[in-house]
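Take the sequence shown: its letters are residues 1 to 438, numbered as in the working numbering. All C-beta atoms in this analysis are idealised placements derived from N, C-alpha and C, irrespective of residue type, glycine included. Here the structure is a predicted model, which is why all the values come from computation and not from measurement. Here is the structure we will look at.
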Amino acid sequence: MFRKSIVTTLTAVLLLISGCGGAKVQEEAQGANESTNHEPIMLQAYAYAGALTQDDFEKYVAAPLKAKFPYITLEYVPNGKGTSPKELVTAGAMPDIIMTGLRQLINFQELDVPVDLRELAKKHKLDISQYRQDAISAITSYGTKGELYAVPFYVNFYAMLYNKDLFDRFSVPYPSDQMTWDEAKVLAAKLSRVQDGVTYNGMQPADTIDTFGLGLSVPFIDEQTGKAKVVTDEWKKVFEVAKEFNTIPGNEPKDAKNMYKAVDQFFKDKNIAMMPYFGTRLQVAAKSDAELGFNWDVVAFPSFKETPGKTAEVDAQVFALSKTSKYQDEAFKVIQYLTASEEIQSNFVKLGRALPSLKDEKLLKQFGEEYPVLKSKNVQSIFKSTTKTPHKTNKYDDLVRGKIKNAFAEHLNGLDINSALRKAEEEANKEIEALEKK
């Protein structure tokens, strides 16, 4: 009788636990069993344009993923000789997951690589509305019927770093948030000079054509004809604005064909006062602050007066899923975890290298926490501007972009705008025609 009473009491206690909190215990048990109930699998992640370095991948992606899904190993496959997208497709060796910059997603579409993720999102209950709408809208623009060929891993931002010491030395007021390019040009003119044999540039964008071209969302290819179309009023304006900055006395670039070297000049030579660029340079500044040897800060990326508060085209690092993957459900779970997990997103936000893919104010408040120096910087400026809708991308955008950069260099050296743009267009179309015949 006594033993029966004990059994009855224990049963009641267990039922109570099951009803009042045992659900959590059961859920944790199921989570622990998830790894034991699966055979170990190897997935590959292809690192294409703008993807993480292998070191960052191992630390911020592979390691936490292994903790979440112990049965999954994610291998890093870099883009390089023998591993271009076309070579991988030809060899039937495209990795399961593609990590790429948004604007390069078109390259994989042309090869019929990415899966439309809508059905898998429904199956695995991934709420697409939790992602930043500007990034999702940009991704869906790559389809014709609302296809979702990728989801955002993180969203890049634009910012303008400036050397406070140079502003102080030349008694020029610091730049402010929400400046227009016209206002930035006035500041640049006040700072540009040659003093004691040193040339000081008021402002050198790290990539002039992309800076202003993306700021106006100017297309490279005519959507109807599939040919380069750059002899347009929009591209003329890009050239005009870029030339205005690059012909300010004392602000001329060292090398018109390699303006991206302005990054080195800003950090190493310390002779550039303002540098508008992708926000990744903010992390570079914060990480190496002790070694830089100058005072710096950040303001919002300037905008054109026609679109105040708008920086440039939205840009993101995205994850796509290969149609040839033998483990599509597992690969999708990986993508879902990496892009929708607060833990993973928090890591990148704290580093100050990008904005989260998720619409979560809590995450934004963690921006740059990894670097104490950012507490004294104007990082809130990053959130004061919004991005622009991207132009319709084309697989030949990069080809045309290269021709335009060369044309601009020739324009700075004396060739008139119309001739420079016409030359770029003709050269691009000649190459496009040859490629189309292959």
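**Asked** Using DSSP with H/G/I as helix, E/B as strand and the rest coil, what is Y396?
**Response** Of the three classes helix, strand and coil, the one that applies to Y396 here is coil, per DSSP.
**Asked** Apart from the five residues just before and just after V349, which ones in its own chain have a Cβ nearer than 6 Å to its Cβ?
**Response** Counting only Cβ-Cβ distances below 6 Å, and skipping sequence neighbours, we find P356, L363, Q366 and F367.
**Asked** Would DSSP call G279 helix, strand or coil?
**Response** The three-state reading of DSSP puts G279 in coil, since its state is none of H, G, I, E or B.
**Request:** On the DSSP bridge assignment, give the partners of P205 in chain order.
**Result:** In the DSSP assignment, P205 is bridged to no other residue.
**Item:** Host alpha helix (DSSP H) of F239 (start-end)
**Value:** Residues D233 to N246.
**Asked** Which one of V238, A135 and S84 has the shortest CA to CA distance from A458?
**Response** The question about residue 458 has no answer here: the residues shown for the chain are numbered 1 through 438.
**Message:** Using CA atoms only, rank isn't needed, just tell me which of P173, K125, K190 and P219 is closest to T389.
**Reply:** Closest option to T389, Cα to Cα, is P219.
**Message:** I need the straight-line Cα distance from T225 to K403, nearest angstrom please.
**Reply:** One C-alpha to the other measures close to 19 Å.
**Asked** Within 10 angstroms of its Cβ, does R281 collect 16 or more other Cβ (buried), or is it exposed?
**Response** It counts as buried.
**Asked** Are Y60 and A316 close, meaning C-beta to C-beta below 9 Å?
**Response** Cβ distance not < 9 Å, so Y60 and A316 don't count as in contact.
**Message:** Measuring CB atoms only, is the segment 265-273 touching the segment 142-153, in the sense that at least three cross pairs come out at less than 8 Å?
**Reply:** As far as the Cβ criterion goes, the segment 265-273 does not touch the segment 142-153, which means the pair count is below three.
**Prompt:** Under three-state DSSP, which class holds E431?
**Reply:** If DSSP states are grouped into helix, strand and coil, E431 belongs with the helices.
**Asked** Where does Q26 fall in DSSP's three states?
**Response** Here the model assigns Q26 a pLDDT of 36, short of 50, so the residue's position is not dependable, and the following value carries that caveat. Three-state DSSP puts Q26 in a helix.
**Prompt:** Who pairs with M99 in a beta bridge, going by DSSP?
**Reply:** Looking at the DSSP assignment, M99 forms a beta bridge with A47 and F319.
**Message:** According to DSSP, is V89 part of a helix, a strand, or is it coil?
**Reply:** Helix, per DSSP.
**Prompt:** According to DSSP, is T387 helix, strand or coil?
**Reply:** For T387, the three-state secondary structure derived from DSSP is strand.
**Asked** Between F214 and the rest of its own chain, which residues show a CB-CB distance below 6 Å, the 5 nearest in sequence each way excluded?
**Response** Rather than Phe, the amino acid found at residue 214 in this sequence is Leu. If we look at L214 and ignore the five residues flanking it on each side, its Cβ neighbours are A312 and E313.
**Prompt:** In or out: R132 buried (at least 16 other Cβ within 10 Å) or exposed?
**Reply:** Classified as buried, R132 has 16 or more neighbouring CB atoms from the shown chains inside 10 Å of its CB.
**Prompt:** Rounded to the nearest angstrom, how far is the Cβ of I209 from that of T393, given a contact under 8 Å?
**Reply:** Contact between I209 and T393 is absent: CB atoms are separated by about 16 Å, not below the 8 Å threshold.
**Message:** On the criterion of 16 or more Cβ atoms from any shown chain inside 10 Å, does N418 qualify as buried, or is it exposed?
**Reply:** Burial call: exposed.
**For V172, three-class secondary structure by DSSP** = DSSP places V172 in coil when its eight states are reduced to three.
**Prompt:** With which residues is N163 paired in a DSSP beta bridge?
**Reply:** DSSP lists W296 as the beta-bridge partner residues of N163.
**Prompt:** In this structure, does DSSP put T53 in helix, strand or coil?
**Reply:** Coil, per DSSP.
**Item:** Buried or exposed (CB count within 10 angstroms, at least 16 for buried), S192
**Value:** Here S192 is buried, its C-beta having at least 16 other C-beta atoms within 10 Å.
**Asked** DSSP state of V218, grouped into three classes?
**Response** Collapsing the DSSP output to three states places V218 in coil.
**Request:** Pick helix, strand or coil for P372, following the three-state DSSP scheme.
**Result:** Helix.
**Message:** According to DSSP, simplified to helix, strand and coil, what is A32?
**Reply:** Unreliable positioning characterises A32 in this predicted model, as indicated by a pLDDT of 43, which lies under 50. The coordinate reading is nonetheless provided below. In the structure shown, A32 sits in a helix (DSSP, three-state: H, G or I).
**Message:** Closer than 8 Å is the cut-off here; do at least three beta carbon pairs connect the segment 323-339 with the segment 281-291?
**Reply:** Cβ pair count under 8 Å is below three, so no.
**Prompt:** Exposed or buried, E425, counting other C-beta atoms within 10 Å across all chains shown (16 or more means buried)?
**Reply:** By the neighbour-count rule (16 or more Cβ atoms within 10 Å), E425 is buried.
**Message:** What does the Cβ neighbour count give for V198, buried or exposed, with the cut at 16 atoms within 10 Å?
**Reply:** Exposed.
**Asked** Which of the three DSSP states, helix, strand or coil, is assigned to V113?
**Response** Three-state DSSP puts V113 in coil, outside helix and strand.
**Item:** Secondary structure of F153, DSSP reduced to three states
**Value:** Per DSSP, reduced to three states, the secondary structure at F153 is strand.
**R132, DSSP secondary structure in three states** = In the structure shown, R132 sits in coil (DSSP, three-state: anything other than H, G, I, E or B).
**Item:** F267 versus F212 - alpha carbon distance
**Value:** Taking C-alpha positions only, F267 is separated from F212 by approximately 22 Å.
**Item:** 6 Å CB neighbourhood of N295 in its chain, flanking five on each side removed
**Value:** Answer for N295: K164 and D165, listed in chain order.
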